[in-house]
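full-length UniProt numbering puts the first residue of the sequence shown at 1, with every later residue one more than the last. Every residue gets a Cβ at the ideal spot worked out from N, C-alpha and C, and that includes glycine. This one's a predicted model, so the numbers in the text were calculated from it and none came from an experiment. These notes are about the structure you will find just below.
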Amino acid sequence: MVVKIFWHMEFIERMKFRGVCKSWQRIIDTTPSLWSDPDFSNTRGFMKSSTLQRAINLAGSRVISVKVGPMFDPDNMLATLTKLPSLRALIIPNWSGSYFGMLDSITWASNLAHLEISPSLQLTTETINTLFNIMPSLQSFSGSFDHSYIVYNPAFEFPPPRLTRLALYGGSSVSWEGFLKNLHRLRTLEDLTLCNRNLSNIQSRLPRTIDLTVFWQLKKVELLDMVCSPNQLVLPPMIRDLKLKFCGSVNGYGTYDGSRALNIFLPHLERLTVETSDTIFANAMEILGPDYTSSWANFKSFSLVTGACNVESVFLHPQLASLEDVRLITKVGVIDEDVEKLVSLLPNLVKADLSFSKITGRGIRALTRSGTVSHIVIKGCYDLTEIDHFDALKTGHVDITW
């Protein structure tokens with residue numbers, strides 16, 4: 001029990017409790033899980049204190065993953081990281097270009113498998129290439145930045161040959177097509193996230209074709225705020241998890257219509273997430289497309305966040321009858337009648353997330369009496385009364401997340 005309490009504490013707080021008594025010191029010192037991923041990003045002014053320095057010295061080779069904070073200058077960071085020879089994952093918020101030399105001077109940097117950096121650097125294709133050269137063993141790279149200049153660069157060298165996960169959260173000047181050309185030799189990529197966060201720059205968000213078929217091992221893809229119509233996606237068939245989030249309020253782009261449906265052959269798809277802003281879906285054809293959905297034999301999880309939808313028409317699609325996990329959030333609010341239709345149309349439904357809906361006890365009863373539903377998520381459902389909550393809890397066989 002004490003170990004669990006320590007595990008939920010911030011690392012620096014844990015080090016303070018370590019000094020309370022010898023019993024706690026022994027428990028902390030002899031429990032490897034309490035040392036494997038220290039978070040130094042929120043040291044609250046204790047960076048140079050004896051507590052933190054002692055923690056770093058004690059951690060040593062037991063540290064596998066570490067998160068360092070913005071108060072670390074390159075010298076302090078270098079002094080810290082050189083004491084962690086077994087490090088395989090590094091998370092650096094507020095990345096600075098001055099860290100390049102620091103990483104290049106650490107002998108074990110070439111063994112890093114995971115790197116995550118956050119905004120402040122004007123990241124370019126060249127700087128990404130430099131990082132990849134310093135860390136050729138990278139398996140996962142996540143870059144989040146405010147002002148990025150990512151374009152095609154013919155001088156770009158080979159990416160890390162083991163890279164399986166790539167997440168880029170871009171800023172103003174991004175050419176995803178160009179940068180993806182630089183990665184065309186990468187055959188190991190399984191998980192890809194591309195996001196445009198600068199909503200004011202329309203030019204970087206205009207609809208265009210995104211062809212990912214060169215990454216034939218891709219299993220998970222997230223395209224966030226890209227304003228690329230579904231029918232402009234070219235995806236490899238091995239994908240199991242697909243998330244598409246578009247901003248329909250930006251000059252009208254990103255909204256769905258019948259000509260923009262996800263008409264893609266994805267025989268291994270298990271999970272689909274579609275998020276729009278104001279779109280009204282009349283039927284499943286507007287989302288899935290008419291041609292290829294019969295091949296989605298493994299389709300079990302569907303998340304739809306949108307303006308409104310005709311629940312009966314959307315979920316009447318025969319390919320959706322096998323769904324076990326559904327998340328449905330609409331701007332107008334899901335009502336009890338919608339829930340009853342869901343239950344009748346989805347005989348295998350196990351989990352239903354109806355957060356921020358307008359359901360009452362009637363909708364909850366429809367779910368709990370279905371005979372298959374075992375987990376309900378109803379966060380932000382303010383039309384539910386205390387009596388409704390009590391009745392839901394009495395069922396016993398259904399887990400409810402409020």
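Euclidean distance between Cα positions of K16 and I28
11 Å
Could you work out which residue in S118, I134, G101 is closest to residue 409 when comparing CA atoms only?
Residue 409 cannot be examined here, being either before or after the span of the chain that is shown, 1 to 402.
Please report how far the alpha carbon of S249 lies from the alpha carbon of T124, in whole angstroms.
Since pLDDT at S249 reaches only 39, below the 50 mark, its modelled position is unreliable, and the value read off the structure follows with that caveat. Their backbone Cα atoms lie some 29 Å apart in a straight line.
Pop quiz: V311 and D353 are said to be a contact at Cβ under 8 Å. What is the actual Cβ separation, rounded to whole angstroms?
V311 to D353, Cβ: 14 Å. No contact.
Given a cut-off of 8 Å, decide if I106 and V68 are closer than it, judged by their beta-carbon atoms.
no
Pair within 8 Å by beta-carbon distance, I56 and A89:
no
Rounded C-alpha distance that separates S301 from A79
46 Å
Using CA atoms only, rank isn't needed, just tell me which of F299, K243, T401, F265 is closest to T273.
K243
Considering just the uninterrupted stretch of the alpha helix (DSSP H) at D104, what are its terminal residues?
99–104
Is the beta carbon of S140 less than 8 Å from the beta carbon of Y169?
no
Same chain, Cβ closer than 7 Å to T360, five either side skipped, listed in chain order:
D336, D383, L384, D388
Can you check whether the CB of P159 is closer than 8 Å to the CB of F132?
yes
If you follow the alpha helix (DSSP H) that residue 466 is part of, which residue opens it and which one closes it?
Past the edges of the chain, shown from 1 to 402, lies residue 466, and the structure says nothing about it.
Is it buried or exposed, R26, if we count other Cβ atoms within 10 angstroms and call 16 or more buried?
exposed
From what residue to what residue does the alpha helix (DSSP H) around F141 run?
Unbroken run through F141 is the beta strand (DSSP E), 140–144; no alpha helix (DSSP H).
Let me know the secondary structure DSSP gives I5 once reduced to three states.
helix
Tell me which residues share the same chain as L163 and place their Cβ nearer than 7 Å to its Cβ, disregarding the 5 neighbours each side in the sequence.
L138, Q139, F141, L186, T188, L189
Ignore the nearest five residues each way along the sequence and tell me which others in H114's own chain have a CB closer than 6 Å to its CB.
A89, S140
Under a Cβ-count criterion, where at least 16 other Cβ atoms within 10 Å of its own Cβ denotes burial, should R18 be classed as buried or exposed?
buried
Enclosing beta strand (DSSP E) for H114 [first to last residue]
114–117
Assuming A366 and V332 make a contact with CB atoms under 8 Å, what is their CB distance in whole Å?
So it is not a contact: roughly 19 Å between Cβ atoms.
Provide the residue(s) that pair with R327 in DSSP beta bridges, ordered along the chain.
S303, D353
Taking only the alpha-carbon atoms, compute the straight-line gap between E10 and F100 and give it to the nearest angstrom.
28 Å
Only counting the same chain, and skipping five residues up and downstream in sequence, which positions put a Cβ closer than 6 Å to that of L346?
L323
State the Cα-Cα distance for the pair N348 and F215, rounded to the nearest angstrom.
33 Å
Assign A109 to buried or exposed, taking buried as 16 or more other Cβ atoms, counted over all protein chains shown, within 10 Å of its Cβ.
buried
Just mark F390 as buried or exposed, buried being the case when its beta carbon has 16 or more other beta carbons within 10 Å.
exposed
Ordered along the chain, which non-local residues of its own chain (more than five positions away) have a Cβ less than 6 Å from that of D191?
R165, K220
What does DSSP give as the partner residues of K245 in its beta bridges?
L224, E275
Give a yes or no on whether the C-beta atoms belonging to S357 and V334 are separated by under 8 Å.
yes
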